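**Q** Below you will find the structure I want to go over with you.
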Amino acid sequence: MTYRSRHVSVSIKSSPDRVYEFVSNPSNLPKWAAGLSGSIEEIEGDLFAESPMGRVKIKFASDNTFGILDHYVMLPSGEIIYNPMRVFQNENGSELVFTLYQRPGMSDQNFRHDEELVASDLQRLKSLIEK
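For the sequence shown, our numbering begins at 932 and goes up steadily by one.
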């Protein structure tokens, strides 16, 4: 079985290294990820954030030189959502790509709404980095 997916991307006028550094820093998440608008808290090496669904646990891919920013979000229900994310060179700047999956039971309308939210988050991120 595979999930329906959408790749949501944004071009950023900044180097991939700079974008990676900003995005991979968990303390920056509340600045650009509306769904994690609460503060980020680290407890015994685990990251937690407040979200509209309640307190969530976040785990990022290990630091790497490939621009991989994948992360897992564990919802209060215990459901784990995998979020593939990459940054790579786009001429003199970067391209940041987030892959969104339509999870089982998610309506087409909710999937489109999630896509709009991700696009908005990426635009906010672009604005912050390009300042």
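Just so it is clear, CB atoms sit at the ideal spot from N, CA and C, and this is done for glycine as well. Here the structure is a predicted model, which means the values were calculated and not measured.
R986 CB to nearest chain B CB: under 7 Å?
**A** The chain inventory of the structure shown lacks chain B, comprising one protein chain alone.
**Q** Ordered along the chain, which non-local residues of its own chain (more than five positions away) have a Cβ less than 6 Å from that of E981?
**A** The answer, listed in chain order, is G969.
**Q** Name the residue from H1044, Y1032 and E1026 whose alpha carbon lies nearest to the alpha carbon of K944.
**A** Closest option to K944, Cα to Cα, is E1026.
**Q** Over the uninterrupted alpha helix (DSSP H) stretch that includes Q1054, give me the two end residues.
**A** Segment D1039 to E1061, the alpha helix (DSSP H) holding Q1054.
**Q** Contact check, H1002 vs I989 under 8 Å by CB: the rounded distance?
**A** That pair is a contact at about 6 Å.
**Q** Whose C-alpha, out of R1017, K1057 and L1048, is nearest the C-alpha of V1028?
**A** Of R1017, K1057 and L1048, the residue nearest in Cα terms is R1017.
**Q** Given that a residue counts as buried once 16 or more other Cβ atoms are within 10 Å of its Cβ, and exposed if not, what is A964?
**A** Classification of A964: buried, given that the 10 Å Cβ count is 16 or more.
**Q** Just to confirm my understanding: we take L1059, look at its own chain, exclude 5 residues before and 5 after, and list those with CB closer than 7 Å. What are they?
**A** Closer than 7 Å at the Cβ level, and outside the excluded window around L1059, lie K962 and W963.
**Q** May I ask which residues mark the beginning and end of the alpha helix (DSSP H) holding R953?
**A** Per the sequence shown, residue 953 should be read as Phe rather than Arg. Segment P947 to V954, the alpha helix (DSSP H) holding F953.
**Q** Taking a contact to mean a Cβ-Cβ separation below 7 Å, would you say R986 touches F997 in this structure?
**A** In this structure, F997 does not lie closer than 7 Å to R986 by Cβ.
**Q** Using the beta-carbon count (16 or more within 10 Å), is S993 buried or exposed?
**A** So S993 counts as exposed.
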